[in-house]
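Below is one structure, written out as structure tokens; the observations come after it.
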Amino acid sequence: MKKLFALLAMASLAQAATAADPVGNPKDAAEKKIAMCIGCHAIPGYKATFPEVYQVPLIGGQSAKYIESALKAYQKGDRKHPSMRGIAGSLTDQDIADLAAYYSQQK
Ligand code: HEC
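What follows is the structure in structure tokens.
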């Protein structure tokens, strides 16, 4: 968990310097940001153990709109999962656009 928070902190520092229009960039920008997602989302069949054993959904190949609206729902609290709420809360609109663009292009 400590590592995750360090990553999150670095990601938001880097972000502060580059705020721009949220047009998704699935290349360089997203590849740095997915570092904080792959630990949970890239492992087929992975189950998160906090707060309870939970199947982590695979998000690669979902539509960008779906990923974006899911992340915004975690940010607003419309979706309740605590780990995802913490993560989404640390993302800017630009991060969300980049991540959505990246994952929607994954097979
Ligand atoms: C600590 C583990 C963990 C990390 C790290 C994590 N997620 Fe998640 N994510 C989950 C779990 C568990 C769920 C399912 C929660 C639920 O049902 O509400 C989820 C759900 C989602 C969903 C909704 C999927 C769906 O099918 O509805 C999206 C989109 C998502 N995560 C994106 C991301 C992105 C982007 C990142 C990186 C910025 C990330 N997640 C990092 C554990 C994680």
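With mature numbering (1 follows the signal peptide of the UniProt record, and there is no 0) as the guide, the letters of the sequence shown map in order to residues -19 to -1, 1 to 88.
For glycine and all other residues, C-beta sits at the position ideal for the given N, C-alpha and C.
All values reported here derive from a predicted model rather than from experimental measurement.
By DSSP's assignment, Y35 forms a beta bridge with A29. Closest in C-alpha terms to A69, from the list Q56, H62, D76, comes Q56. Approximately 22 Å separates the beta-carbon atoms of Q75 and G42; this is outside 8 Å, ruling out the contact. In terms of side-chain proximity, the C-beta atom of G42 is found no nearer than 7 Å to any non-hydrogen atom of the ligand HEC. Where H22 is concerned, the enclosing alpha helix (DSSP H) starts and stops at 16 to 22.
Straight across, the Cα-Cα distance linking S44 with S64 is about 22 Å.
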